[in-house]
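Only one structure is covered here, and it is reproduced in the block below.
There are 2 protein chains.
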Amino acid sequence: MKNEFLENWHSQLRKGLLPLYVLHILDQKQCYGYELIQDIKAVFSVDVAEGTLYPLLIRLMKEELLTHQWVEQPSGIPRKYYAISAVGKSNLAEMKAYTNLIITKING
Amino acid sequence: MKNEFLENWHSQLRKGLLPLYVLHILDQKQCYGYELIQDIKAVFSVDVAEGTLYPLLIRLMKEELLTHQWVEQPSGIPRKYYAISAVGKSNLAEMKAYTNLIITKING
DNA sequence: AAAAATACATTGTTATACTATGTATTGTGT
DNA sequence: ACACAATACATAGTATAACAATGTATTTTT
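These protein sequences, in sequence, are chains A and B.
Residue numbering for the first sequence follows the working numbering, beginning at 1 and increasing consecutively.
Residue numbering for the second sequence follows the working numbering, beginning at 1 and increasing consecutively.
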């Protein structure tokens, strides 16, 4: 670890940004958990542990920001596909507006 | 509380953004703790509890991102003035670059 | 046949915001 | 004069969520 402070900071920042990443991606297409981990890495260059993402998805379900359905596969383990709900969409909009506002203030 | 999820999200996001706020403000002028609370509210419209800020300042001191000096006042309690260090400045630059990168990806 | 990748999930640890509380001084309203 | 708010520091306990470690099971690659 080169810079302990920065690494810790990234981890703390993730606590706020991860729900935003998940909602952002699910706003564009339905995904299953394992797929989300790869998409988040591809889009945001962020490595998310499974032990982080799965509890987060469960949490977002409880808050009713997401819905899900099991989809059987021709072969292999069934996939749990998640979709963003209407509540999720409105929250996502507020979250994006807020983060943009903050960043404007930091740059301005 | 209207939207419990959003309130919690703001709180989590703060964990990542608060060090950025503090370094950003101290990059422009030296401040004492109580003053920082007011400045953060004024600039970022964020209410920071004293029980949040003081431990954070102590942490940033330990990480050597800040320096401080006590300044006696003509009247009243002495103030502990904080200033950003060279390490603090370089970390701040990285933090700003990173947050901007993320926002670009969310908006793009 | 072994290892890696896919796909789900839980448990324990750690970091940090937040509430509550504490100390002490100064200013304001009545 | 006296209560209350504001100023200015600080710590203790609680709640939240990332992360590492671990577990189960199937499929693909070497």
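Ideal placement from N, C-alpha and C gives every residue a C-beta, glycine not left out.
As the structure is a prediction and not an experimental result, all values here were calculated from the model.
- Taking a 10 Å sphere around the C-beta of V22/A, we find 16 or more other C-beta atoms and assign the residue as buried.
- Remark: three or more beta-carbon pairs, one from each stretch, lie closer than 8 angstroms, so the stretch 72-89 of chain A and the stretch 14-34 of chain A are flagged as touching.
- Of the candidates V46/A, Q30/A, S90/A, A97/A, the residue whose Cα lies closest to the Cα of V71/A is Q30/A.
- Nearest Cα to K89/A within the set L66/A, L101/A, Q73/A, N107/A: L66/A.
- A Cβ-Cβ separation of about 7 angstroms places V43/A in contact with I25/A under the 8 angstroms criterion.
- DSSP, read as helix, strand or coil, puts L65/A in coil.
- For W9/B, DSSP records no beta bridge to any residue.
- Here DSSP, grouped into helix, strand and coil, assigns V46/B to coil.
- Taking one beta carbon from each stretch, the stretch 94-108 of chain B and the stretch 6-20 of chain A have 3 or more pairs nearer than 8 angstroms; the two touch.
- Taking the Cα positions, S85/B is about 14 angstroms away from L20/B.
- When the five nearest sequence neighbours on each side are left out, the beta carbons in the same chain lying within less than 6 angstroms of the beta carbon of H68/A are those of K80, Y82, in order along the chain.
- Taking the beta carbon of I103/B as reference, the chain A residues within 7 angstroms of it are T99, N100, I103, listed in sequence order.
- Per the coordinates, the alpha-carbon of I103/A lies some 12 angstroms from the alpha-carbon of N107/B.
- When DSSP reads this structure, A83/B sits in a beta bridge with T67/B.
- Neighbourhood of E50/A in chain B, by CB distance below 9 angstroms: empty, with the nearest CB roughly 20 angstroms away.
- Contact annotation: D27/A and L92/A have beta-carbon atoms nearer than 8 angstroms.
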